[in-house]
Every structure is written in structure tokens, then in C-alpha cells.
Amino acid sequence: MADKKQYIFDNPKNVQRLIRALYVCCGLLFILDFIINRHFIHPYEGLLGFYAVYGFVGCVILVVIAKWMRTFLMRDENYYDQQQVAADEEEGGEHVVQ
Amino acid sequence: MKKREANMWYNDLPAFVPFFIAAALALVTRGTLRSIIMLVIIVASGLHLWLLPESLSVNLHFLEYDLIPYRVDRLSLVFGYVFHIAAFISVLFSLHVRDTVQHVSGLLYAGSALGAVFAGDLLTVFVFWELLAVTSAFLVWARRSKRSFESGMRYLIIQVLSGVILLAGVLVHVRTTGSLSFEVIGTSALSGWLILIAFGIKAAFPLMHTWLTDAYPEATSTGTVFLSAFTTKTAIYMLARGYPGTELLVYVGAAMACFPIFYAVIENDMRRVLSYSLINQLGFMVCGIGIGTALSINGTVSHAFVHIIYKSLLFMSMGSVLFMTGKIRATDLGGLYKTMPKTAVFCIIGAASISAFPLFSGFVAKSLIMAAALKEGYHWIWLLLLFASAGVFHHAGIKIPYFAFFAHDSGIRTSEPPLNMVIAMSIAAFLCLAIGIYPVWLYTILPFDFAYNPYDISHVLTQTQLLFFSALAFVWLNLKGIYPPEVRSVNVDSEWFYRKFLKRIEHSVFSWIWQTDSQLRSSVLDRIRGLIVYLAQLHYPTGKVSVQRPTGYMVIWVAILLAAYLWLLLSFPSAHH
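Keeping their order, the protein sequence lines are chains G and U. Those letters in the first sequence? Residues 21 to 118, by the working numbering. Those letters in the second sequence? Residues 3 to 579, by the working numbering.
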């Protein structure tokens, strides 16, 4: 690595703090569902924590299915043009500090 | 500002003309002068459009048809405004590029999009439809690599195909209705279906979408910003104009909103991830068109408006990464927040906007479509769109900034991009926030008058819950090691059909032709060779023809002939005179 400078997320404690903040926010948002009397159109919407559960479960299902899709969709990078070497991007890159 | 009087001559100047003039001037100027000309003309053209009256049309009689090459109304005006914003941002973002091809084709491309949305008749639409295809292909080719050339070729073929289908549809339409004017078309006739397919190709309908995910990631770092704004949104405008309330579009839109997010999760090329999420966003718009109420059409138009801005912001941030580091695969990136903090912040603002966080622009637009779906009783569609909303946050909102700027440190140390790129990104980021915080301005320019307040407590709470718990899912999946690791790979999509299957078919057809051809030829050659051998055998020293006979043979034969002659003469004396 070129520099010895410490950046904010180089310290694992800061990452932990961020994740903990997320947990706290999620907890607060879930509790708010009990306090605020939401109006709703669809009956599902009225269920306690519907949006929270739907968001979490939806994303887990999304990732699990996507991961499974890799088993039959994933190919080598040169799948379409065998003769072509995986050339790195032809433009840019001259601004990288070595 | 006050709108101008309707009867001024300069009102009739079509919106694409200044862009074509700017392109011509960019061709003959260089450096700072060119930069100033391009930006000033776009600003002037935008002001001109802003001052136009709300309804205006220019009629032209050509052969036996009435053409309307320029029609201004509230629907086309919104697209006109946002296309000007997009053109300004994209041109500003590409000012550092010393490439006349990109500047000129970029301006022609933006002008063609303006020409198409302000076209009042189908023939004019067709002309600009094809111009869009040709001018944008140069932005892909401008990368000047073998990959981009081939990708641009495939892109151009599909785009032109869309134009050909459009022309066929228009011709049938004129035969049956006798009119070229571009109003609601619908799917009651064959022509309506043809035109819908033509529009659908450019709107990236499922299975017809791979030109987008193929070509956009192969264009230049600045060219993709242009590309992301115009082609697909012109198609959205066309659908909103020609097919509002076509129920099929509700289901097509829901499919478009859902299937790309799976691809986006496992895709490695960051700009291809953004291309898939672009299709996901188009899905919401197509859905809104299909629902077809004033609320949902307003939703589609406002979503298109804010989408163009945040999508170009996201493509700009990834373009900056590509330009500065030469890398764009998630496997090669990471930790860039250390040396590109501003770009990281812009990217996060774009990501928050596309994810529809409250106070960001996506929030005030997407909810119109969702509300319309619920109101019209499309409950399953609403659930799917809600899933797509969570999914878009997952792949575009978190994945893009996370893998580029955070995640594991790739060790790449670079710096912020050139000033013009930073300014372009800050303008887009400012607009994302401004529209999110003060949506009234956007709502007043929408095609239908309506009252809507996105900031009621239920809506803010539920949307925030949805997004935070999606983020929680991301963290949880990562900590558990379930999240799929980034891998250098390609994922098979429907382009497999023409890039592999047709190639295989072509290969086997040609090999069959070659085989039959060579068999046929060899059999003919064999026969000829046989004939030659036979003739040769005849003439060989031992051959029948080359038997040497003594001269005595000849004498005997002559004698026999003479004898026969004599015999004939004596037998038939009357024949002799």
C-alpha cells in the first residue's frame, strides 16, 4: 500500500459503530410503528412492521435467488469472444498514484 | 418569469435546432471557445424553452400529408426541460475530453432526442428515432477498442431494427387511418402493435433489453452519461403519448422492475450494474403508463425527470472512477473513499435518490406510481414494485457505493477527477436534493394538475422502514457470508440468443453449406478427372486410339471402298448420266 495514512474505516471500531448505529435506527423505526397510527390503503400495509419485514425478507430472498442464479448463468469473462484477451479498460487509469 | 406571447416568430424555432448548430460550431472550434459555445447555447436554448407558451404547434404540408414537425404541450415540455438539464450536465462532465467525435455526437444525440419528443407526427418521430440511433453509436465507438466497436455495432443494428419496425408500423397506420399525426395509438390494430414493439425495443422491454446492458458499459466514461439520459426516456415519452392505459404495460413494467435486480446483484462491472438498475427504473415508468390515470402518468413523467438526473449522477461517479483509476469491476475496486471523498459523497447522494430516501428526489416521484397502483387495485403489482424498491436500494443504493468506495481496500490511490467533472456532479447532486426537499416546483410542471403531498408521516415512516431493513439485510448477509462474492465473470442474458445461439446456428449452417459444396465439387471434379483418365487411356501407347497401323491397311480400305462404289454403280446403272 502506497500510504501509511489512517482513514476513518481503517479502524474496525468505526465500522462497528456504524453497524451499531444502523441497528439502533432499525430498532427505533420498528418501535415507531407501534406509536404512530399509520393510515393505509391495502390491508397488508396495516400489519405491524409490514414494511420492515417485507424489506428485510425481500432482500434476503433477492440475494439468495440471485446467488442460486449464478449456478447456471455465470460464465467466464471471455465467454462471448474466446479469442479476445480480457483487456483492461483502454481509457483512463493514468491518474493512479503508484 | 413570464411566458411569452404565442405569436412571436422565434417561438417556432424547434428545440433541436440550437443543438445541431452547437454541434456544427463544435466541429470547427477547439478548446475553451468550444466549451463556452456548447454550454452557452444549451443554456440559451433552455431559457428559450422555458419562456415558450404551454401549447404551440408548427404545421407543414408535405406531399399529400400534414406534418407537425414541432408540437409543444405540457407532456413534451417536461421532457424538453429535463433533456436540457441532462445535456448541460453531460456536456459539462465531458469538457476535459479532447475528442471532437464525442462532443459533436453528444450534441447531435441530445438534439435528436429533443426533436423526437417535440415531434407532432409519426414521420418526424421516425426521422429523429433513427438519428438517435446513429448519433449515439459514436459515443460507444469513441472508446476506440475492439470490444466497444463490436458492442456499438450490435447496439446500432438493434436500434436501427427498432426504426425499421417503427417505419413499417407508421406506414400501416397511415394506410388505415390516413393520418400521420401522433396521438394515442393503442393496440387495437396491427400498426399499433408494430409501433409498440419499436418503442418497446428502445424502452428496453424484457428480452429486448440487452442492447442496453451490452453497450452502455462499453461506452466512454463520459459517453455513458449522455446515453443514460436520452434514448430510453425518449421511448418512455413515446409510450406515454401513444399508449397510456394499455394494461399490458402494467405487467411488462412490473417484470422490468423485478428481473434486472437479480442480475444487478451478481454483476461485477459497476456500469453494467447501473444499466440493469436503469431497466428496473424504466419498469416503474412503464407500469405508470400502463395504469394510465392522471396520477400515474404524472408519476411516470416526474419519475423520468428525477431519474435522468440521479442516474446521470451515478453514471458520472462511476465514470469518474473509471477515468481516474482505469478500473470499473467491483473485484478491482474498493477503498476509494480515501482519495476520492467528494466523488464518494456524490455517488451516495445519487444512490440515496435512486433508492427514494425521504428528502431525495426519487422519493417524491416513485411514490406517485406506487400510490396509483394501489388506488387502481393492482395489489400484486404494488407488492412487486415494493419488492423492486427494496431491491433497487440493495443493488444500486448500497452495492455501487460500497464496492467502489468502501469494502476491502484495493490499494488504489488516486485523486478527485478534473474540476469540470466535479462541478457537473455537484449540479446533479444539488438538483437531487432540491427536488427532494421542495417537490412543488416539479409537480407544477407535470402534465396534469393535481395535489399531492409525499411528506405525510405514514409515507415517510414506511419508506424509511423499508430501506433501513433492506440495509440491515445487506449487513446481515455480509456478516453471515451469504452475500455472493464478486467474481470476474459474465452472466448469460437474452443476448445469448444472438451472441451465442445464432452464432452457433450460423456456424452449423455455414459448415453444412461448406460441406455440401465441397462434396458436390469433389464429385464433379472426380467425374472430370475420370473423363481425363479415360481419354488419356485411349491415347496412351497401348490405347485404342493410338494403335499404329501400317499404310497397307489404308490401301486395303481404299480398295474395299472402290469395290463397293463400283458394285453400286453397276447394280444401279440408271443413276449414271
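Glycine residues also receive a C-beta, built at the ideal position from the N, C-alpha and C atoms.
Helix, strand or coil: which one does DSSP assign to residue i?
i                 : result
Ile187 of chain U : coil
Leu155 of chain G : With chain G covering only 21 through 118, there is no way to say anything about residue 155 of chain G.
Asn13 of chain U  : helix
Ile330 of chain U : coil
Arg36 of chain U  : helix
His396 of chain U : helix
Val494 of chain U : coil
Val127 of chain U : helix
Arg146 of chain U : coil
Arg243 of chain U : helix
Pro32 of chain G  : helix
Leu62 of chain U  : strand
Asp271 of chain U : strand
Leu97 of chain U  : coil
Tyr72 of chain U  : strand
Val117 of chain G : strand
Tyr440 of chain U : coil
Trp67 of chain U  : Reading off the sequence shown, one finds Tyr at residue 67 of chain U, where the question assumed Trp. If DSSP states are grouped into helix, strand and coil, Tyr67 of chain U belongs with the strands.
Met210 of chain U : coil
Met94 of chain G  : strand
Arg40 of chain G  : helix
Leu198 of chain U : helix
If you count every other CB in all the chains shown that lies within 10 Å of the CB of residue i, and 16 or more means buried, which is it?
i                 : result
Pro16 of chain U  : buried
Trp11 of chain U  : exposed
Met556 of chain U : exposed
Asp451 of chain U : exposed
Val72 of chain G  : At residue 72 of chain G the sequence reads Ala, which differs from the Val that was named. Under this definition Ala72 of chain G is a buried residue.
Ser298 of chain U : buried
Leu77 of chain U  : buried
Ile330 of chain U : buried
His309 of chain U : buried
Leu79 of chain U  : buried
Asn61 of chain U  : exposed
Trp516 of chain U : exposed
Ala2 of chain U   : Only positions 3 to 579 of chain U appear in the structure, and residue 2 of chain U is not among them; the question remains open.
Asn98 of chain G  : exposed
Measure the beta-carbon distance from residue i to residue j and round it to whole angstroms, keeping in mind my assumption that it falls under 8 Å.
i                 : j                 : result
Ser398 of chain U : Ile371 of chain U : Here residue 398 of chain U turns out to be Ala, not Ser, going by the sequence shown. Not a contact, Cβ separation roughly 17 Å.
Phe264 of chain U : Ala86 of chain G  : 5 Å
Ala426 of chain U : Leu94 of chain U  : 4 Å
Ala367 of chain U : Gly301 of chain U : 7 Å
Arg149 of chain U : Glu220 of chain U : 6 Å
Met320 of chain U : Met272 of chain U : 5 Å
Leu280 of chain U : Lys313 of chain U : 6 Å
Arg373 of chain U : Gly364 of chain U : Note on identity: in this sequence residue 373 of chain U is Ala, with Arg being the wrong assignment. In fact, because the Cβ distance is near 14 Å, the residues do not count as touching under 8 Å.
Arg90 of chain U  : Ile44 of chain U  : The sequence shown places Phe at residue 90 of chain U, rather than the Arg named in the question. Their Cβ separation, rounded to whole angstroms, is 5 Å, which keeps Phe90 of chain U and Ile44 of chain U in contact under 8 Å.
Ser190 of chain U : His175 of chain U : Their Cβ separation, rounded to whole angstroms, is 11 Å, which puts Ser190 of chain U and His175 of chain U out of contact at 8 Å.
Leu109 of chain U : Ala231 of chain U : No, Leu109 of chain U and Ala231 of chain U are not in contact; Cβ-Cβ is about 13 Å, not under 8 Å.
Can residue i and residue j be called in contact, C-beta distance under 7 Å?
i                 : j                 : result
Pro419 of chain U : Phe348 of chain U : no
Leu125 of chain U : Leu182 of chain U : yes
Thr233 of chain U : Ala144 of chain U : no
Gly336 of chain U : Asp216 of chain U : no
Tyr218 of chain U : Thr226 of chain U : yes
Ile429 of chain U : Ala353 of chain U : no
Ala28 of chain U  : His105 of chain U : yes
Val142 of chain U : Gly154 of chain U : yes
Phe2 of chain U   : Ala475 of chain U : In this structure chain U extends from 3 to 579, so residue 2 of chain U is not present and cannot be described.
Thr212 of chain U : Glu497 of chain U : yes
Leu468 of chain U : Gly75 of chain G  : yes
Gly290 of chain U : Ala259 of chain U : no
Met287 of chain U : Ala266 of chain U : no
Leu540 of chain U : Lys546 of chain U : yes
Leu116 of chain U : Phe18 of chain U  : yes
Tyr39 of chain G  : Val477 of chain U : Sequence inspection shows Ile at residue 39 of chain G; the Tyr mentioned does not correspond to that position. Against a cut-off of 7 Å, the Cβ pair of Val477 of chain U and Ile39 of chain G comes out as a contact.
Thr327 of chain U : Val116 of chain G : yes
Check your understanding: For the region 335 to 364 of chain U, which residues have a beta carbon sitting closer than 9 Å to at least one beta carbon of chain G?
Key -> Gly337, Tyr339, Lys340, Thr341
Point to revise | Near-chain G residues of the region 480 to 503 of chain U (beta-carbon distance less than 9 Å), N- to C-terminal order | key: Leu481, Ile484, Tyr485, Pro486, Val489, Arg490, Ser491, Val492, Asn493, Val494, Asp495, Glu497, Trp498, Arg501, Lys502
Practice item. With 9 Å as the C-beta to C-beta threshold (strictly closer), list the residues of the region 463 to 482 of chain U near chain G in chain order. Key: Leu463, Thr464, Gln465, Thr466, Gln467, Leu468, Leu469, Phe470, Phe471, Ser472, Ala473, Leu474, Ala475, Phe476, Val477, Trp478, Leu479, Leu481
Practice item. Could you name the residues of the region 374 to 389 of chain U whose beta carbon sits closer than 8 Å to any beta carbon of chain G, in the order they occur along the chain? Key: Leu376, Lys377, His381, Trp384, Leu385, Leu388, Phe389
Check your understanding: For the region 42 to 56 of chain G, which residues have a beta carbon sitting closer than 8 Å to at least one beta carbon of chain U?
Key -> Leu42, Tyr43, Cys45, Cys46, Leu49, Phe50, Leu52, Asp53, Ile56
Exercise for review: Residues of the region 264 to 293 of chain U with a CB closer than 7 Å to any CB of chain G: list them in chain order, please.
Suggested key: Phe264, Val267, Ile268
Check your understanding: What are the residues of the region 70 to 86 of chain U that lie near chain G, defined by any Cβ-Cβ distance shorter than 7 Å?
Key -> none
Check your understanding: Going along the chain, which residues of the region 208 to 221 of chain U sit with their C-beta nearer than 9 Å to a C-beta in chain G?
Key -> none
Practice item. Quick one: which residues of the region 91 to 123 of chain U get their C-beta closer than 9 Å to a C-beta of chain G? List them in chain order. Key: none
**Study point:** Positions along the region 406 to 436 of chain U whose CB lies within less than 9 Å of some CB in chain G
**Key:** Phe408, Asp411, Gly413, Ile414, Arg415, Thr416, Ser417, Pro419
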